[in-house]
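All letters in the sequence shown, in the order written, are residues 877 to 1006 by the working numbering.
From the three backbone atoms N, C-alpha and C, an ideal C-beta is built for every residue, glycine too.
Below is one structure; the comments refer to it alone.
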Amino acid sequence: MQFSYDVTIPAATPQTSPYEYKIRLDTGTVTGLKIRFRAGCHNRVYVAIFDGLNQIVPAHDTQALYADNFTFEIPMQYALEYKPYTLTVKGWSPSTRYNHVISIWLDLIETAQEKKGGALETIFHLFGGS
């Protein structure tokens, strides 16, 4: 499954108080991520992606992605393990005068165990389980 999101980072957002956008997902494994910085960002708009308190993109927690008219394509195998299955996009743009839209595409697959669990749950409900 592929999901896409447009995240608007407000102008003059400081790093100490970043804009946060929550992405709610079903359980599964993230197999790929694309992050597009449109023309006009001028390397002044920054983005990092978190699972809870753990930064997962970029991998080092003191870094962030930034670019101008560029799309990062990031292959990964990141299993969503803890409910709620939510990734948080944090963005900031301290030296900008305009809002900037960052596009994010996320690839998610179900693992075999999740598919099996879903089928058992369906059978349970069909036979009167609650």
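key: Opposing strand residues paired with H936 [DSSP bridges]   = In the sequence shown, residue 936 corresponds to position 60, counting from 1. Its beta-bridge partners do not exist; DSSP assigns none.
ask   = Can you tell me the Cα-Cα spacing of Q939 and T987, whole angstroms?
value = Numbered from its first residue, the sequence shown carries residue 939 at position 63. Numbered from its first residue, the sequence shown carries residue 987 at position 111. For Q939 and T987, the gap between their C-alpha atoms comes out near 30 Å.
inquiry  = Here's the rule: buried if 16 or more other CB atoms are within 10 angstroms of the residue's CB, otherwise exposed. What is I936?
reply    = Taking the first residue of the sequence shown as position 1, residue 936 is located at position 60. Note that residue 936 is His in the sequence shown, not Ile. Taking every protein chain shown into account, the CB of H936 has fewer than 16 other CB atoms within 10 angstroms, so this residue is exposed.
task = Flag this pair as yes or no: are the beta carbons of L984 and E949 separated by less than 9 Å?
result = One-based indexing of the sequence shown puts residue 984 at position 108. One-based indexing of the sequence shown puts residue 949 at position 73. No, the pair does not count as a contact, with Cβ atoms beyond the cut-off.
task = Let me know the secondary structure DSSP gives R920 once reduced to three states.
result = For this step, residue 920 is matched to residue 44 along the sequence shown. Looking at R920 - three-state DSSP - the assignment turns out to be coil, as it is neither helix nor strand.
query = At which residues does the beta strand (DSSP E) containing M952 begin and terminate?
reply = As a first step, residue 952 is located in the sequence shown; it is residue number 76 there, counting from the start. Here the beta strand (DSSP E) through M952 covers 946 to 955.
query = Based on the DSSP output, what are the partners of Q891 in its beta bridges?
reply = The sequence position of residue 891 within the sequence shown is 15, counting from 1. Its beta-bridge partners do not exist; DSSP assigns none.
Minimum C-alpha distance to D902 - residue among T972, G967, K959 = As a first step, residue 902 is located in the sequence shown; it is residue number 26 there, counting from the start. Residue K959 is the option with its Cα nearest to D902.
query = Where do the ends of the beta strand (DSSP E) carrying S880 lie?
reply = The sequence position of residue 880 within the sequence shown is 4, counting from 1. Its beta strand (DSSP E) spans residues 878 to 885.
key: Segment limits, beta strand (DSSP E) that includes L941   = Along the sequence shown, one-based indexing puts residue 941 at 65. That residue, L941, is in no beta strand (DSSP E); it is neither H nor E in DSSP.
message = Give me, in chain order, the residues of the same chain whose beta-carbon lies closer than 6 Å to that of F946; leave out the 5 immediate sequence neighbours on both sides.
response = Start at 1 with the first residue of the sequence shown, and residue 946 comes out as number 70. Result list for F946: F913, in chain order.
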